[in-house]
Amino acid sequence: MEREKVINFQSFAKKAVEKIEAKKKMRRKSLYIGDLEETIEIRALTDQEMSDCFEYSEDDYTNDKYTMYYASPTLQELAKYMKQEGMIQNHLDVCDSISKVDRNKIVHEILALSGALGESTVKELDEVKK
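Counting in the working numbering, the sequence shown runs from 28 upward without gaps.
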């Protein structure tokens with residue numbers, strides 16, 4: 028019985044290491060914003076970055092803007108340019124060009140890419156045995 032337990036933990040540990048390594052790879056995705064006829068790149072956020080985004084402000088709208096800005100190198104570069112040109116006052120203002128519907132979709136995509144949204148694989152053991 029003890030030998031079987033060691034083998035099971037070896038298999039479990041191998042799978043766990045693979046998942047940990049996969050999380051270290053920064054996942055990216057390009058999104059087309061039809062309303063602006065432009066494409067932006069987004070990246071996955073770490074757990075700490077997501078926490079920072081959700082705690083950025085008391086206002087959910089501001090948190091969404093910060094999440095989009097933080098996860099998008101494209102929006103960061105655009106904001107830098109627009110601020111230098113005097114087109115916006117604050118870097119987050121770049122997100123005001125994106126409609127509410129598109130903003131919600133972009134934040135949803137960021138959370139999904141980060142592993143915070145999606146289908147759970149956790150099931151009760153009785154369900155698996157049936």
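Using N, Cα and C, we set each Cβ at its ideal position, and we do this for glycine too.
When beta bridges are read from the DSSP output, T66 appears opposite Y59.
Spanning the alpha carbons of E104 and C122 requires a straight line of approximately 12 Å. According to the DSSP assignment, E76 belongs to the alpha helix (DSSP H) that extends over D74 to F81.
I133 carries a helical assignment under DSSP once its states are collapsed to helix, strand and coil.
In this structure, L140 lies away from I60, with their beta-carbon atoms at least 8 Å apart.
Of all alpha-carbon atoms in R55, F36 and Y88, the one lying nearest the alpha-carbon of S126 is that of Y88. Just so you know, the alpha carbons of H135 and S147 end up roughly 16 Å apart. For Q111, the enclosing alpha helix (DSSP H) stretches over residues P100 to Q111. A71 places its beta carbon less than 8 Å from that of M53.
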